[in-house]
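Residue numbers (our numbering): 1 to 136.
No residue lacks a Cβ here, since even glycine has one placed at the ideal position from N, Cα and C.
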Amino acid sequence: MRDLIEFISRKYCGKIVEIGVGRYQDVARGLIKLGFNVVLTDVRQIQSDLKIITDDVCNPRFDIYRGATLLYSIRPPYEIQGCILSLARKIGSDAIIVPLKNEIINGGELVNYKSARFYLFTRQSLQALSEGLRTP
1 MRDLIEFISR KYCGKIVEIG VGRYQDVARG LIKLGFNVVL TDVRQIQSDL KIITDDVCNP
61 RFDIYRGATL LYSIRPPYEI QGCILSLARK IGSDAIIVPL KNEIINGGEL VNYKSARFYL
121 FTRQSLQALS EGLRTP
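And the structure:
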């Protein structure tokens, strides 16, 4: 995941939020080590030396995410992927979803950055996707 950390560090600054951090916290730790303001969330309480905020991304507390330049999630369940993208659109941030194995996530740009493979949704693509869903 060091290549994902590198991609994020080259493209983003400011506040970044990892959604559904769970017990795998290596990406967040790598970004924190680089000086990023990383906010960690999960639907369950997770024991960690890092501060993890309990929140349901499908019924989010917007104050946690407001001001973030990027929301990212590593192997999130299919059921919450739409919630992540909707939240990113509402707060005006980009979103990165690292899929589970060969999962295809429609509407995003598949990025192969060195050994990292993920879907990138820019603010513009999220807005276009949202507008496309509203047209009959």
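{"Check": "Can you give me the Cβ contacts of Arg89 inside the same chain, cut-off strictly under 7 Å, excluding the 5 residues immediately before and after it?", "Outcome": "Leu126, Gln127, Ser130"}
{"Check": "Going by CA-CA distance only, name the one from Asp3, Thr122, Arg2 that's closest to Thr69.", "Outcome": "Thr122"}
{"Check": "Run through DSSP, which three-state label would Ile8 get?", "Outcome": "helix"}
{"Check": "Assuming Gly22 contacts Ile80 under a Cβ cut-off of 8 Å, what Cβ separation, rounded to an integer in Å, is found between them?", "Outcome": "Between Ile80 and Gly22 the Cβ distance is about 12 Å, and since that is not below 8 Å, they are no contact."}
{"Check": "Using 8 Å as the cut-off, can you tell me whether the region 40 to 59 makes contact with the region 3 to 21, which would need three or more C-beta pairs spanning the two stretches below that distance?", "Outcome": "yes"}
{"Check": "Could you tell me which uninterrupted alpha helix (DSSP H) segments, each at least 4 residues in length, are contained entirely in the region 67 to 108, listed from first to last along the chain?", "Outcome": "78 to 91"}
{"Check": "Tell me Arg117's beta-bridge partners as DSSP assigns them.", "Outcome": "Asn112"}
{"Check": "If I'm right that Tyr138 touches Ile97 with Cβ under 8 Å, what's the distance once you round it to whole angstroms?", "Outcome": "Residue 138 cannot be examined here, being either before or after the span of the chain that is shown, 1 to 136."}
{"Check": "With DSSP as the reference, please indicate the residues paired to Leu40 in a beta bridge.", "Outcome": "Glu18, Ile52"}
{"Check": "So Val57 and Ile84 are supposed to be a Cβ contact under 8 Å. How far apart are they, rounded?", "Outcome": "6 Å"}
{"Check": "Whole-angstrom Cβ separation of Asp3 and Lys114, contact assumed at under 8 Å?", "Outcome": "4 Å"}
{"Check": "In chain order, what residues of the same chain lie with their CB nearer than 6 Å to the CB of Pro60, ignoring the 5 residues before and after it?", "Outcome": "Leu87"}
{"Check": "Tell me whether Gln127 sits in a helix, a strand or coil according to DSSP, three-state version.", "Outcome": "helix"}
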